[in-house]
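The numbers in this note's numbering rise by one with no breaks, and the one at position 11 of the sequence shown is 16.
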Amino acid sequence: MKFLKITKEKVLDIFFPDHMKCIICGNEISHMKYDICDRCYEHLPFIVGRTCERCGQRIKTDDRFCDNCKRSGEFFFTRAFSPLQYTDTIVGLVHKLKYHNHQYLAANMAEVLYDKLSDEEIKCDVIMPVPMMDRKKKRRGYNQAELIAQELAKLSNMPIDTTTLIRVWEDNSQTALTSKERRENVRGCFKCTSKDYKGKNILLIDDVYTTGSTANECARVLRKQGRVANVYVLTFAHSEENKNIQGLTNKDK
Ligand SMILES: [Zn+2]
Ligand SMILES: [Zn+2]
């Protein structure tokens, strides 16, 4: 019997090498939702309850919008959604995909996004990832937002377009900037190359939503240059960095 068990494990290992370990803790698992073990799944920071009608961030008050959105300037996207908060665990996953070549994680992330998309009943005509400049993509080997978008397109049967929205300029690091500075920093970074989607609804995909300045700039060019009707933004995680930005902005006032 022992011989049989070992053989079965070895066979599984050969055929499903990526699916034998939890993507968060690395413990051996049989097939689980999103390839996450029960223990890690229980601790996933899902965004539940009342959320901001613009950015999808959790809010505690009865207001329609969070403080950050109330203070921000004009929004060009209709609504943004994220299934998860950007906590340490999620930062770990995103960094593995983004900086350490764990490209298989894009499929797991897309599954989480697909469930969020179904819950929110968002209907769009086409999926577009937030683009990366060619030279940066060549250096990294891939654009993580594009990998997630490709997997989501397969799951949702929606078409994906990676050529209409392009990046023409790479902004400087946004980490230390306030919300307003971020908006100015990304202005002019993107271009919409056609009006093929005039009057259509676009689903924009990215890994993390921080202040929304990148998504907003993409939405601005899609609407102004591409004449699209609505841009919905779906990101894997929503950063709580807004709190810091909020602090900075208040201090600046
Ligand atoms: Zn685990
Ligand atoms: Zn908001």
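Note that beta-carbon positions come from the ideal geometry of N, C-alpha and C, so glycine has one too. Quick caveat, the model's predicted, so the values are computed rather than measured.
- Not one heavy atom of ligand 2 lies closer than 6 Å to the C-beta of ARG84.
- Our two residues, ASN190 and THR167, have alpha carbons roughly 23 Å apart in a direct line.
- Per DSSP, CYS197 lies in no alpha helix (DSSP H); the unbroken beta strand (DSSP E) holding it starts and ends at 195-197.
- C-alpha of GLU116 to C-alpha of LEU160: approximately 8 Å in a straight line.
- Relative to ligand 1, even the nearest heavy atom lies 6 Å or more away from the CB of ILE95.
- Cβ atoms of ARG232 and LYS200 come within 8 Å of each other, at about 5 Å.
- One residue after another in chain order, those with a Cβ under 6 Å from a heavy atom of ligand 2 are CYS57, ARG59, CYS60, GLN62, PHE70, CYS71, ASN73 and CYS74.
- Residue state for MET25 is assigned as coil, using DSSP reduced to three classes.
- By the Cβ criterion, the stretch 34-47 is not in contact with the stretch 68-88, since fewer than three pairs of Cβ atoms, one from each stretch, lie closer than 8 Å.
- Residue range 235-243 is occupied by the beta strand (DSSP E) that includes TYR237, with no alpha helix (DSSP H) assigned at that position.
- Where ASN206 is concerned, the enclosing beta strand (DSSP E) starts and stops at 206-214.
- Look at THR183 here: in three-state DSSP terms it is coil, with no helix or strand label.
- Following the DSSP letters along the chain, one finds MET137 in no beta strand (DSSP E), marked with neither H nor E.
- Distance from the C-beta of ASN32 to the nearest heavy atom of ligand 1 is below 6 Å.
- Shown here, GLU79 sits in coil according to DSSP, grouped into three states, outside any helix or strand.
- If the five residues before and after ASP212 are omitted, its C-beta is found closer than 8 Å to the C-beta atoms of VAL99, LEU102, LYS103, MET114, GLN149, ALA150, ILE153, THR240, PHE241 and ALA242, all from its own chain and listed in chain order.
- With contacts defined as CB atoms closer than 7 Å, MET133 and ARG172 fail to qualify as a contacting pair.
- One alpha carbon belongs to ALA111, the other to SER218, and they sit about 23 Å apart.
- ILE210 has its Cβ no nearer than 6 Å to any heavy atom of ligand 1.
- In this chain, the beta strand (DSSP E) harbouring ARG172 covers 170-172.
- At the C-beta level, PRO164 and VAL135 stay beyond 7 Å of one another.
- Counted as a single uninterrupted DSSP element, the beta strand (DSSP E) harbouring ARG84 occupies residues 84-86.
- In terms of Cα proximity to ILE41, the closest of ASN32, CYS27 and LEU49 is CYS27.
- PHE51 is classed as exposed because its beta carbon has fewer than 16 other beta carbons within 10 Å across all chains shown.
- Between the alpha carbons of LEU208 and ILE64 lies a distance of about 23 Å.
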